[in-house]
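Heads up: the structure comes next, in structure tokens.
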Amino acid sequence: MNKIKEILNNKIYWICVIISMCFFGIFAIPEYATDTYSIITSDWTYAFNHFMSLGRYITAIFWAILIGILQLGFNSSYFISYVIGILCFSISLYKMYKIIRYDINNKILAVITSILIIINLFSLELFMYFEKGILALSILLNILAIEKLIKYFEGNKKNLIYVFIFMLLANCAYQGTVALFVSLGVIYILKYSKNIKEFIKNNIIVALLYAIPALINVISIKVLFATERVGSEAGIINSIIDIIQNLPNILISTHGIVPKYLFFIFICLIILIYIIKCINEKLNVKIILLDILKYIYVGCAIVFATVAPQALQNEVYMVPRDTYAAASMAGIFILCMNVFNKNDSSKIYNNIIIGMSMIFIIIQYINFQNITIDHFRMNYMDSQIAMQIAEEITSYEEETGQKIEKIVCYQDKDPAWQYGGLRVIGDANTRAFYPEWSRVNIIKTKLNRYDIESSQNENQEYVEKFKQESWSYYSNEQLIFDGNVLHLCCF
Numbered sequence: 003m004n005k006i007k008e009i010l011n012n013k014i015y016w017i018c019v020i021i022s023m024c025f026f027g028i029f030a031i032p033e034y035a036t037d038t039y040s041i042i043t044s045d046w047t048y049a050f051n052h053f054m055s056l057g058r059y060i061t062a063i064f065w066a067i068l069i070g071i072l073q074l075g076f077n078s079s080y081f082i083s084y085v086i087g088i089l090c091f092s093i094s095l096y097k098m099y100k101i102i103r104y105d106i107n108n109k110i111l112a113v114i115t116s117i118l119i120i121i122n123l124f125s126l127e128l129f130m131y132f133e134k135g136i137l138a139l140s141i142l143l144n145i146l147a148i149e150k151l152i153k154y155f156e157g158n159k160k161n162l163i164y165v166f167i168f169m170l171l172a173n174c175a176y177q178g179t180v181a182l183f184v185s186l187g188v189i190y191i192l193k194y195s196k197n198i199k200e201f202i203k204n205n206i207i208v209a210l211l212y213a214i215p216a217l218i219n220v221i222s223i224k225v226l227f228a229t230e231r232v233g234s235e236a237g238i239i240n241s242i243i244d245i246i247q248n249l250p251n252i253l254i255s256t257h258g259i260v261p262k263y264l265f266f267i268f269i270c271l272i273i274l275i276y277i278i279k280c281i282n283e284k285l286n287v288k289i290i291l292l293d294i295l296k297y298i299y300v301g302c303a304i305v306f307a308t309v310a311p312q313a314l315q316n317e318v319y320m321v322p323r324d325t326y327a328a329a330s331m332a333g334i335f336i337l338c339m340n341v342f343n344k345n346d347s348s349k350i351y352n353n354i355i356i357g358m359s360m361i362f363i364i365i366q367y368i369n370f371q372n373i374t375i376d377h378f379r380m381n382y383m384d385s386q387i388a389m390q391i392a393e394e395i396t397s398y399e400e401e402t403g404q405k406i407e408k409i410v411c412y413q414d415k416d417p418a419w420q421y422g423g424l425r426v427i428g429d430a431n432t433r434a435f436y437p438e439w440s441r442v443n444i445i446k447t448k449l450n451r452y453d454i455e456s457s458q459n460e461n462q463e464y465v466e467k468f469k470q471e472s473w474s475y476y477s478n479e480q481l482i483f484d485g486n487v488l489h490l491c492c493f
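Position in the sequence shown counted from 1, then plus 2, gives you the working numbering.
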């Protein structure tokens, strides 16, 4: 209770709440990803079993409590998840600020660095799913683990147990963010390692604290569930090749969230400014080269920790939420400047970094809002199409007395996974009528009927017929009623 009071009485915490609300406040309005339609139209056990099979046990329990035990509706459950998400991001920002204040004397720079690490470029997609609260919780658990790791490095050995517990919980919340632990941990390895022997030992400790909880999570999935997501040894080489090919999309294209090369240039400028600062302070060339090697070490550790889990999967699929830690690199590199060289003889470098970072954050914010607005536009367009189909089903049932019990979905010649003119990142802005798991379910939500089945028994005649078409908008011609079955073409 004392810690909670301390946080609530600190104005920096409320600044963190405001910052979180500025970036994610619009998500107080319920929004939908394709996965959402599947879980809200099924019995609560469907989503529970789905999340359990992914090793996301905290999310599964969260869903079971809200829907299974409390029997709350979607809007109420969504709002609770949203509030938890805002709180977790706010506390993560605050905790990050408190941690790095020991190394960054400038309060403004400390706040900015915290934003760049926590609300980084790839954080947006985490807020575009119903379980946003637990996805945000996974970030907070990583920060709590770092907090305890630092205390361990400072001599309190018992904190190693807490680090392990927090990392295990983080993996059980969402595996896509746990690389943040390594990304931040390597900085404090460099800070607290007094010699090569300690450096090697601390690397091993951090690596094990990252790997063992992750392996426990993976093994539990393999033992308890039959899942296709965990790959075999034979596919690791192919996965590594795919990972290397996808790296430019992460560090240079940034999944299209900000202009190409902007993030990469920003990172290079941070390193360049640090080198100029060291030269002006007339530091030894060996020291400067050593610090450059430290930057390379930190950068490689961030990239490796981010992409390593992909090698364990059958298919490499790197989207913003799964590569979250990589986007923290800019903030982490700014933190490195202050950990490697605490000489405050000139404030000009801090002011330059603050100015650059503010420009970058503003560009990020504008792009976040544009993508989010397009997300809600996509939800509206999906809703309108689903509503029209639902009206046609209702009219057919009233006219014929037949009740639609099955919907068979087809695709035209060029099925679109997004609407023209809307920005897409990862899976979050995918049309509901593109994936198999959401096509029928969104129609169910408009009919308020959950007894309709999604059938795979395609009529070959209709398959050929629809393959000749190429729609760019909804048309009643995409619907063919046949007794209690609707044959639906998704354009």
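Every residue, glycine too, gets a C-beta built ideally from N, C-alpha and C. No experiment lies behind these values; they were computed from the predicted model shown.
Nearest-angstrom beta carbon gap, residue j and residue i [assumed within contact, 8 angstroms]
| i | j | result |
| --- | --- | --- |
| residue 104 | residue 30 | The Cβ separation is near 35 angstroms, so there is no contact. |
| residue 508 | residue 313 | Any question about residue 508 goes unanswered here, given that the chain covers just 3 to 493. |
| residue 480 | residue 490 | 6 angstroms |
| residue 227 | residue 54 | 7 angstroms |
Selection from the options that minimises the alpha carbon distance to residue i
| i | options | result |
| --- | --- | --- |
| residue 250 | 240, 321, 297 and 274 | 321 |
| residue 274 | 354, 417 and 208 | 354 |
| residue 18 | 28, 208, 46 and 98 | 98 |
| residue 284 | 480, 343 and 138 | 343 |
| residue 22 | 8, 113, 362 and 473 | 113 |
| residue 426 | 248, 35 and 328 | 35 |
| residue 337 | 115, 309, 483 and 484 | 115 |
| residue 366 | 261, 301 and 195 | 261 |
| residue 430 | 418, 378, 407 and 391 | 378 |
| residue 475 | 414, 458, 440 and 453 | 414 |
| residue 94 | 28, 73, 120 and 280 | 120 |
| residue 211 | 286, 163, 193 and 4 | 163 |
| residue 1 | 135, 128 and 7 | The chain is shown only over 3 to 493; residue 1 falls outside these bounds and no answer can be derived. |
| residue 405 | 452, 418 and 370 | 452 |
| residue 213 | 462, 170 and 393 | 170 |
| residue 301 | 334, 238 and 290 | 334 |
| residue 47 | 33, 73, 32 and 173 | 73 |
| residue 501 | 80, 76 and 152 | Only positions 3 to 493 of the chain appear in this structure, which leaves residue 501 out of reach. |
| residue 24 | 370, 446 and 433 | 370 |
| residue 382 | 26, 28 and 33 | 33 |
| residue 387 | 446, 282 and 363 | 446 |
Residue j beta carbon less than 8 angstroms from that of residue i
| i | j | result |
| --- | --- | --- |
| residue 90 | residue 56 | no |
| residue 165 | residue 154 | yes |
| residue 256 | residue 268 | no |
| residue 60 | residue 49 | no |
| residue 87 | residue 324 | no |
| residue 412 | residue 468 | yes |
| residue 398 | residue 306 | no |
| residue 96 | residue 190 | no |
| residue 520 | residue 373 | The question about residue 520 has no answer, for the chain in this structure spans 3 to 493. |
| residue 435 | residue 376 | no |
| residue 309 | residue 245 | yes |
| residue 62 | residue 182 | no |
| residue 303 | residue 118 | no |
| residue 339 | residue 276 | yes |
| residue 124 | residue 150 | no |
| residue 188 | residue 144 | no |
Beta bridge counterpart(s) of residue i as assigned by DSSP
| i | result |
| --- | --- |
| residue 481 | 490 |
| residue 411 | 490 |
| residue 455 | 408 |
Same chain, Cβ closer than 7 angstroms to residue i, five either side skipped, listed in chain order
| i | result |
| --- | --- |
| residue 37 | 131 |
| residue 13 | none |
| residue 111 | 352, 355 and 356 |
| residue 485 | 404 |
| residue 428 | 127, 257, 321, 322 and 323 |
Cβ-based neighbour list, residue i, same chain, cut-off 8 angstroms, excluding 5 preceding and 5 following
| i | result |
| --- | --- |
| residue 389 | 448 |
| residue 295 | none |
| residue 236 | Caution is warranted here: a pLDDT of 47 is assigned to residue 236, below 50, making its placement in the model unreliable, and no coordinate value can be reported. |
| residue 202 | none |
Any non-hydrogen atom of the ligand NAD within 7 angstroms of residue i CB
| i | result |
| --- | --- |
| residue 414 | The ligand NAD is not among the ligands present in this structure, which contains no ligands whatsoever. |
Cutoff 6 angstroms; reference residue i; Cβ partners in own chain excluding five residues on either side
| i | result |
| --- | --- |
| residue 234 | Unreliable placement is indicated for residue 234, whose pLDDT of 49 sits below 50; the coordinate value is still reported in the next sentence. Answer for residue 234: no residue qualifies. |
| residue 10 | none |
| residue 470 | none |
| residue 279 | 351 |
| residue 443 | 39, 40 and 43 |
| residue 253 | 266 |
| residue 216 | 173 |
| residue 457 | 408 and 410 |
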